Amino acid sequence: MCVQNTQKSKYPEIKRLMGSDPLFKYEILFLVVAQFTLTFLVRDACWTTLLLSAYFIGAFPSHALIVGVHDICHNIPFGNGRPLLNRLFGILANLPTGIPSSIAFKKYHLLHHRYMGVEEIDPDLPTGFEARIFYNSITKLVWVILQPFWYALRPLVINPLPPNGLEILNIVVQFVVNCAVVYYWGAKSLVFMVSSTILGAGLHPMAGHFIAEHYMFEEGFETYSYYGPGNYLTFNVGYHNEHHDFPSIPGSKLPFVRKIAAEYYDNLPYHTSWIKVIWDFITDPRIGPYARVKRPNAKKAKRDELPE
1 MCVQNTQKSK YPEIKRLMGS DPLFKYEILF LVVAQFTLTF LVRDACWTTL LLSAYFIGAF
61 PSHALIVGVH DICHNIPFGN GRPLLNRLFG ILANLPTGIP SSIAFKKYHL LHHRYMGVEE
121 IDPDLPTGFE ARIFYNSITK LVWVILQPFW YALRPLVINP LPPNGLEILN IVVQFVVNCA
181 VVYYWGAKSL VFMVSSTILG AGLHPMAGHF IAEHYMFEEG FETYSYYGPG NYLTFNVGYH
241 NEHHDFPSIP GSKLPFVRKI AAEYYDNLPY HTSWIKVIWD FITDPRIGPY ARVKRPNAKK
301 AKRDELPE
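Take the sequence shown: its position 305, counting from 1, is numbered 305 in full-length UniProt numbering, and each next residue is one higher.
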């Protein structure tokens with residue numbers, strides 16, 4: 001927050017970048033149509049073709065929609081003044097992934113921004129179990145493949161929050177759409193949708209940003225940006241230092257933040273390849289689920305200090 005306030009006062013033009021992105025919602029709609037079109041086209045494919053298509057083709061629009069849901073939770077489509085419309089649009093963007101996650105993601109992701117690195121609150125911070133079990137190259141490879149499952153289950157373990165009405169709506173709408181896909185196009189189409197999501201969030205170049213963002217590749221640095229071609233496919237999710245400093249700025253405008261405030265970002269370590277990030281994470285013994293900046297949970301610390 002201190003960095004954000006300093007930059008805003010020093011560079012007032014940054015404040016003008018905040019707000020909605022009118023083009024963003026049309027990009028999301030294009031991806032929704034594209035992924036459902038692919039889902040229709042593979043309805044009669046053999047299983048090998050279907051799964052290969054899910055990894056090499058479907059994973060790209062599916063993962064772009066996952067990142068799009070992230071941007072939607074920051075109210076990028078319609079601005080902060082229309083929260084309900086943003087939530088409903090998030091449910092729509094969520095549909096081609098086959099897995100209802102948009103509303104729950106927003107709930108937990110905002111905790112990540114507010115309590116980044118705080119144990120038992122930040123859902124992006126791996127658990128002690130993950131750190132103990134996945135510590136060498138073989139086990140870290142398994143961890144990377146199973147990344148979507150850690151992201152789904154971790155919040156329910158460390159800091160479960162009760163579902164709200166929109167979350168239930170998200171689940172019901174997704175269930176109805178999934179049933180419609182199976183009824184009209186067959187089970188293979190649904191398998192393609194879900195496989196594209198799971199494969200694209202695991203051992204896949206598009207998922208490299210999950211690791212690139214906050215794992216300590218250099219001692220003492222908590223957040224890393226990625227500057228490379230993958231940003232064109234993911235709404236500039238790689239500009240992660242810039243995003244954490246200014247979460248209300250659309251991804252399309254984050255490169256301008258770096259350009260305007262170059263003195264703050266150009267000297268920070270950054271990544272240029274998500275594939276290299278995944279490779280280094282798996283093979284470098286210094287990096288793993290445990291390589292994170294962690295902050296103690298103040299409430300838990302106070303509770304632990306109470307006399308028995």
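Ideal placement from N, C-alpha and C gives every residue a C-beta, glycine not left out. Quick caveat: nothing in here was measured; it's all calculated off a predicted structure.
Backbone secondary structure at residue i - three-state DSSP
i	result
VAL118	strand
SER101	coil
ARG82	coil
ARG132	helix
ARG295	strand
PRO96	helix
THR127	coil
GLU222	coil
HIS204	coil
PRO148	helix
PRO155	helix
PHE217	coil
ILE76	coil
Contact test: residue i Cβ vs the ligand NAP heavy atom, cutoff 6 Å
i	result
HIS70	Ligands are entirely absent from the displayed structure, and the ligand NAP is therefore not among its contents.
Host alpha helix (DSSP H) of residue i (start-end)
i	result
CYS179	165-185
THR139	137-145
PRO61	59-73
PHE210	208-214
LEU161	Premise fails: LEU161 is in no alpha helix (DSSP H) and is neither H nor E.
*Which runs of the alpha helix (DSSP H), 4 residues or longer, sit entirely within the segment 6-41?*
24-41
_Would the segment 126-133 count as touching the segment 275-291 if we require 3 or more Cβ pairs under 8 Å?_
yes
*List in chain order: all unbroken alpha helix (DSSP H) runs of 4+ residues lying wholly within the segment 225-293.*
240-245, 254-260, 262-265 and 274-283
*asked:* Within 8 Å, do at least three Cβ pairs link the segment 66-73 to the segment 90-97?
replied: yes
*Please determine if the segment 34-52 and the segment 180-200 are in contact, where contact requires at least 3 C-beta pairs separated by less than 8 Å.*
yes
_Any 3 or more C-beta pairs closer than 8 Å across the segment 19-35 and the segment 250-264_ = yes
*Does the segment 221-240 touch the segment 268-275, meaning 3 or more C-beta pairs lie closer than 8 Å?*
yes
*Evaluate the contact criterion for the segment 152-162 versus the segment 58-68: three or more CB pairs, one atom per stretch, below 8 Å.*
no
*Please determine if the segment 95-107 and the segment 233-249 are in contact, where contact requires at least 3 C-beta pairs separated by less than 8 Å.*
no
*Does the segment 131-138 touch the segment 170-179, meaning 3 or more C-beta pairs lie closer than 8 Å?*
Contact fails: fewer than three Cβ-Cβ distances are below 8 Å.
*Could you tell me whether the segment 9-20 touches the segment 253-268, where touching means 3 or more Cβ pairs closer than 8 Å?*
yes
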